[in-house]
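Protein chains in written order, with the working numbering: chain A, 392 to 508; chain B, 53 to 165.
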């Protein structure tokens, strides 16, 4: 058990809908990262938050957004869902995660499997 | 940009065989290197890491050495077990890359008894 929790474990929805994925980082970790794992794209970095502020963006679609709350949990919002958004979405956390410093180890949650029908 | 290339899978071995999964990287900065493992139906677990050239990461009988001259971080284990069956991901981060992990495509390993 990494200490990172994600809810829900599974999500099935229809095209055009909006969903919210939730992540609670390990106790004491300030950074949260979101990754998407799909069959065709592999594991891709989406976005990072550090202590409530957006720190880095990767291949995140404009239909997707995220935020980190004062209690450090994070939510990933996916809207206008398409079939191609079906994937496993992972959250990871680390102690710091600031550019310019030695990389932290990232600890991953169990993931949320999203199926868009 | 930064990238990681792993050997194509799937890889199937018999129990107690020697394992090598090749991993090479391209990075603009000076990366830290990681191996993560994903067991069926589970998330990613950190297996081992190395943060500078010639460092050897090791855990659970697995080893990998950071080779800057060949830009490689190959994963090895002397005697695999059925419980090692999983998908293995090589990954890197760089200071310039704002801590994001760049993953290889993953190698599925199946160990037969």
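For every residue, glycine included, the Cβ atom is placed at its ideal position computed from N, Cα and C.
Any idea what DSSP makes of residue 430 (chain A), helix, strand or coil?
-> Coil, per DSSP.
Taking contact to mean at least 3 C-beta pairs separated by less than 8 Å, is the region 446 to 457 of chain A in contact with the region 393 to 404 of chain A?
-> no
Can you list, in chain order, the residues of its chain whose CB lies under 8 Å from that of residue 418 (chain A), leaving out five sequence neighbours each side?
-> 394
Spatially closest choice to residue 78 (chain B) from B:112, B:119, B:161 and B:129, by CA coordinates = B:119
Can you name the start and end residues of the beta strand (DSSP E) that residue 109 (chain B) belongs to?
-> In this chain, the beta strand (DSSP E) harbouring residue 109 (chain B) covers 108 to 111.
Range of the contiguous beta strand (DSSP E) that encloses residue 164 (chain B) = For residue 164 (chain B), the uninterrupted beta strand (DSSP E) run begins and ends at 159 to 164, by DSSP.
Taking all protein chains shown into account, decide if residue 88 (chain B) is buried (16 or more other Cβ within 10 angstroms of its Cβ) or exposed.
-> Around the Cβ of residue 88 (chain B), a 10 Å sphere holds 16 or more other Cβ atoms; the residue is buried.
Report the rounded CA-to-CA distance for residue 459 (chain A) versus residue 70 (chain B), giving the unit in angstroms.
-> 44 Å
Please decide whether residue 447 (chain A) counts as near chain D, where near means a Cβ-Cβ distance under 7 Å.
-> The structure shown contains no chain D; the protein chains it does contain are A and B.
From this set, A:496, A:476, A:477 and A:473, which residue's C-alpha is nearest residue 484 (chain A)'s C-alpha?
-> A:496
Does any CB atom of chain B fall closer than 7 Å to the CB of residue 433 (chain A)?
-> So yes, residue 433 (chain A) belongs to the interface.
Beta carbon of residue 113 (chain B), beta carbon of residue 102 (chain B): below 7 Å?
-> no
Alpha carbon to alpha carbon, how far is residue 55 (chain B) from residue 434 (chain A)?
-> 12 Å
Is it buried or exposed for residue 501 (chain A), if we count other Cβ within 10 angstroms and need 16 for buried?
-> Burial call: buried.
Nearest residue (CA-CA) to residue 424 (chain A), options A:467, A:507 and A:398 | A:467
Members of the region 408 to 430 of chain A that neighbour chain B once the beta carbon cut-off is set at 8 Å | 422, 424 and 426
Listing by chain order, which chain A residues have their CB less than 7 Å from the CB of residue 96 (chain B)?
-> The contacting residues are 481 and 499.
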